[in-house]
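Novice: 310 is the number that this note's numbering gives to position 325 of the sequence shown; each next residue is one higher, with no gaps.
Each residue gets a CB set at the ideal place from its N, CA and C atoms; glycine is no exception.
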Amino acid sequence: MNEDRLRLDLAGLADEVTPVDLRDRALRTSRRLGIQRAVATSAAALVMIGAATGTALAIRPDGQAPVPPQPAGPSTTVTPTPDPSTPDPSTSAEPTGSAVQPGSALPGTRYYLESTSTKSRIHAVHGGIDRVVHQVGYAADAECERNTITISPDGKQVAWVQGTGDGWQSGELLASVIGEPGAMRLLEDVNCLGPRALVWQGSDLLMVKKKSGQSVLYDLKANKRVQGDPGQETDRCWSADGRWLAAMDEEQKPYVTDGTRSRQYRYTPPAAEATHWDGWQARSVSSDGRYVSVGWVGTDPSRRDDSFAVVDTTTSRVVDLPVRGEIRSIMFTVDDKVVVTRRSGSITVLDATFTSLGTVTESASVRTMWLLAYVP
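#1: Could you name the residues of the same chain whose beta carbon sits closer than 7 Å to that of Thr367, not counting the 5 residues immediately before and after it, in chain order?
#2: With which residues is Glu99 paired in a DSSP beta bridge?
#3: My output table needs one value for Thr318: the three-state DSSP class, helix, strand or coil.
#4: Could you work out which residue in Arg328, Pro307, Tyr123 is closest to Ser314 when comparing CA atoms only?
#5: Consult DSSP for Cys129 and reduce its assignment to one of helix, strand or coil.
#6: If we ignore side chains and look at the alpha-carbon of each, how far apart do Thr344 and Leu91 end up?
#7: DSSP three-state label for Ala168, please.
#8: Keeping to the same chain, check which residues put their C-beta closer than 7 Å to that of Ser287; ignore five residues upstream and five downstream.
#9: Could you say if the stretch 347 to 360 and the stretch 306 to 326 meet the contact criterion of at least three C-beta pairs nearer than 8 Å?
#10: What are the partner residues of Lys194, as DSSP defines its beta bridges?
#11: Below 7 Å CB to CB, which residues in the same chain sit around Phe339 once its five sequence neighbours on both sides are set aside?
#12: Going by alpha carbons, who is nearest to Ala168 out of Gln120, Ser100, Val175, Gln249?
#13: Report buried or exposed for Asn208, applying the criterion of at least 16 other Cβ atoms within 10 angstroms of its Cβ.
#14: Out of Ser105, Ser188, His111, Gly198, which one is the CA nearest neighbour of Gln147?
#15: Flag this pair as yes or no: are the beta carbons of Trp355 and Tyr97 separated by less than 8 Å?
#16: Can you give, in chain order, each stretch of the beta strand (DSSP E) that sits fully within the stretch 229 to 267 and has at least 3 residues?
#17: Could you give the first and the last residue of the continuous beta strand (DSSP E) run that contains Ala294?
#18: How would you label His108, buried or exposed, when you count the other beta carbons within 10 angstroms and need 16 or more for buried?
#19: Mind checking whether Gly283 and Trp265 have CB atoms under 8 Å apart?
#20: Exposed or buried, Thr298, counting other C-beta atoms within 10 Å across all chains shown (16 or more means buried)?
#21: Consult DSSP for Ser89 and reduce its assignment to one of helix, strand or coil.
#22: Considering only DSSP beta bridges, list what Ile136 is partnered with.
#23: Run through DSSP, which three-state label would Arg116 get?
#24: Would you mind stating whether Ala267 and Pro239 have Cβ atoms separated by less than 8 Å?
#25: According to DSSP, is Lys206 helix, strand or coil?
#26: Measuring only the C-alpha atoms, how far is Asp285 from Cys177?
#27: If we ignore side chains and look at the alpha-carbon of each, how far apart do Ser341 and Val295 end up?
#28: Buried or exposed: Leu12, going by 16 or more other Cβ atoms within 10 Å of its Cβ?
Laid out in structure tokens, this is it:
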């Protein structure tokens, strides 16, 4: 009787026990110990690396990955003041089907011109870092310098006209290697008036006009004039590589040429705007000579670096750019990009087919300056 009772009690206790898979518990315990050992080993290795390199590494107490070391920022001449109302000068994608990452849209260096009453500075912006790489000082009433200072398409040389004699109408052509002191005197009696007094053909040749009206093509590298008559064209503009020329012929008809091929095109600017200006001219040329950007010519003899439209020289049609907002300038680069600067403070980058690659937000320090060149 007592034995039967004992059997019933033991059976009841067995029903209340939950079976345990000892193998599963052992595997979980092994994995947990393995993770803890891996974290401890990684932390120890990083401490040793930090000790060897002199870099302090902070190990997070929650067992996660260590905080990476912060590299020291490069030394710069200008430290832009952050503008809390605008994004950091990094890239952000626009809605487009392009596979190109916006971070690679403008990987090179952008060169900007800052002018004050007594000096002009060349800013080089690369990777969000703004540096002053060259400075030209002048007198407070020096109009020639402010109206002519320019840099070569490769960003290596700067040229300008230093006013002499009649002050603001003509002067002496000077040039310097960007970042180096001093200047080389090249040519006297050079005109410093007009929307574009100095025009680059590539990065070594510079087209200027003498006070007498004669055009001169000057080789800065060889420090001499180029032999031969440069022609009677006006409103000259070359592609960044110096191969294609856009100009007006003697009958004031626009054309493009690479020396062997030539074609004329037509362009009629918006009538409502044209009444406020003294005509238009080409400001930038694509590397294949097919497209030109155009800008207004002012009614006074001062420089103009802006442009507002692109014309297809094979069809004489205006290109519909995928850009929103008011355009400040349009530049064709040597690596077949189209850099469209907008008055809102951003740059839209297009490829050779005018497909958007992304948008770069300009920092507050250069937003009011003119973009003179882009070097890949």
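Specialist: A quick look at the data gives this:
#1: The shown model of the chain, from -14 to 361, leaves out residue 367, and the question about it has no answer.
#2: Paired residue(s): Arg106.
#3: coil
#4: Arg328
#5: Of the three classes helix, strand and coil, the one that applies to Cys129 here is helix, per DSSP.
#6: 9 Å
#7: Looking at Ala168 - three-state DSSP - the assignment turns out to be coil, as it is neither helix nor strand.
#8: Asn132
#9: Result yes; three or more Cβ-Cβ pairs closer than 8 Å.
#10: Beta bridge pairing from DSSP links Lys194 with Ser200.
#11: Val304, Leu306, Pro307, Val323
#12: Gln120
#13: exposed
#14: Across the set Ser105, Ser188, His111, Gly198, the C-alpha of Ser105 shows the shortest separation from the C-alpha of Gln147.
#15: With respect to the 8 Å criterion, Trp355 and Tyr97 are classified as neighbours on the basis of their beta carbons.
#16: 230 to 233, 239 to 242, 247 to 249
#17: That run of the beta strand (DSSP E) goes 294 to 297.
#18: buried
#19: No, Cβ-Cβ distance for Gly283 and Trp265 is not below 8 Å.
#20: With 16 or more Cβ atoms within 10 Å of its Cβ, Thr298 is classed as buried.
#21: helix
#22: Val143
#23: Reduced to three states, the DSSP call for Arg116 is strand.
#24: yes
#25: coil
#26: 13 Å
#27: Roughly 15 Å separates the two Cα atoms.
#28: For Leu12, the predicted structure reports a pLDDT of 39, less than 50, and the residue's modelled location is therefore unreliable. A value from the coordinates is still provided. Result: exposed.
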